[in-house]
Structures are given as structure tokens and as C-alpha cells.
Amino acid sequence: MIEIPSDLHKDLVPLAFLLGNWAGAGVHDFPGSQKCNFGQEVSFSHDGRDFLEYHSHSWVLDNDGNKVRPLESESGFWRIDAGRRVEVTMTRDDGTVEIWYGEMADKKPQIDLVTDAVARTAAAQPYSGGKRLYGYVKSDLMWVGEKQTPEVELRPYMSAHLKKVVTAEDVERWAKALPDDMPDDGIAFFK
């Protein structure tokens, strides 16, 4: 279910499917790095202005699904214009700053992004650009990232399947929104 908060900036309504906290797992595989499964937590929030605030933390998982060590962290800001063009500014923990542009798909919650600019500190790994695809599929958030370096052509390197994290505040809000005439036995609700 996609909820549109009453205080969400009107321009951000097409991005409302991203809002909230998400958690899940995925696969990381890129030449020069060890292939691994990873866990990830992502949050998209807003404060009434015309952007979404984004934070992502991922970590390497062992074969039993336990956290081994941090993998990547990034944060940024997402905007969308009247033509459904999306712009993202993103900073990564490795010293990379990116500007992404893309489009929201027509009639479905899907966003295709491509890097427009990349800046790196001296400590950052070689990186020259990337692509990402985000989609809201059956109430889950899925994404795939591609990247390229001067030595490696553009190729997939990370993908994840994330579930919405339900908080106590969510449950309380939903409970308050239930109609007063709910059946006592619950069975009548499904008839």
C-alpha cells in the first residue's frame, strides 16, 4: 500500500512509493571485489520541502546471514520535476559524490537513473559512472545498480530486494484509521 502523507510536498507525490524504512538483502559482484551477499537498510524521508532525504547502509553477510563488516554507505537528496524527470545528489562513504538524472516510468512506480557527474577524492576507488533502476513491485522495493571504471565496462554490480519496515507508529496510525464498525469476530470482514 502506498501512503501519501498530507505534509508531503506536492511535487513529490510520484515518489511517495519510496517513503519509509526498508530492509533486505542482495548480491554484490564486481571485478576486483569479493562476490558476497549483503544486507541493506534504506530510508527515504521528507520534511515538507521539495526533496526526499535518502540514506543507505549495507554490510557483508556470512553464509548464515550474520553481519561481517560494512560494505557501503551513501546519502543524498531526490527531486522530481513536472515532467517526471528525477535528479539525485549522492555522497558515498568512499569519497565519491555523484549527480544522477533519470525518469520516472509512465504509469508505474519505476525510476531509471544514470550518472551525469562524478567527483572523487584522492582516497576514492576508480569509478567513472553508473546506472540504477528502482522499482516498487508487489509492495517491495527492488533495485539494481550498474557501474563502470576506467578498467571495467558498465556492468551490474549490486542488486537488492527490500521489504518495508513496519514501526509501532505505523501500527498505531493504521489502528486509528480503522472504521468504528469493524466486525467483532473478524470473519465477517472477509465476507
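Residue numbers (my numbering): -19 to 171.
Just so it is clear, CB atoms sit at the ideal spot from N, CA and C, and this is done for glycine as well.
Three-state secondary structure (DSSP) at N140? Looking at the sequence shown, residue 140 is not Asn but Ala. A140: strand per DSSP, three-state reduction.
Of the choices G45, E78, H37 and G0, whose alpha-carbon is the least far from that of H26? G0
Could you compute how far the alpha carbon of V40 sits from the alpha carbon of L51? 6 Å
By the 10 Å Cβ neighbour count, where 16 or more other Cβ atoms means buried, how is E78 classified, buried or exposed? Burial call: buried.
I'd like the list of long-range same chain contacts for A168, defined as Cβ closer than 7 Å, with 5 residues on each side in sequence excluded. In this prediction, A168 scores a pLDDT of 49, lower than 50, which makes its location untrustworthy; no coordinate-derived value is stated.
CB K47 to CB G4, shorter than 9 Å? No.
Cβ-based neighbour list, K144, same chain, cut-off 8 Å, excluding 5 preceding and 5 following: G0, N1, W2, S119, D120 and L121
Just to confirm the assignment, what range does the beta strand (DSSP E) spanning S38 have? Where S38 is concerned, the enclosing beta strand (DSSP E) stretches over L32 to L41.
Determine whether the beta carbon atoms of G82 and T69 lie at a separation below 9 Å. no
Give a yes or no on whether 9 Å exceeds the smallest Cβ distance from Q90 to chain B. As a matter of chain content, chain B is missing from the structure shown, which is built from one protein chain.
Considering Cα atoms alone, identify which of K156, L142 and H141 is closest to A148. Out of K156, L142 and H141, K156 has the C-alpha closest to the C-alpha of A148.
Mind checking which residues open and close the beta strand (DSSP E) that includes A5? Here the beta strand (DSSP E) through A5 covers G0 to H8.
Evaluate the contact criterion for the region 106 to 115 versus the region 126 to 137: three or more CB pairs, one atom per stretch, below 8 Å. yes
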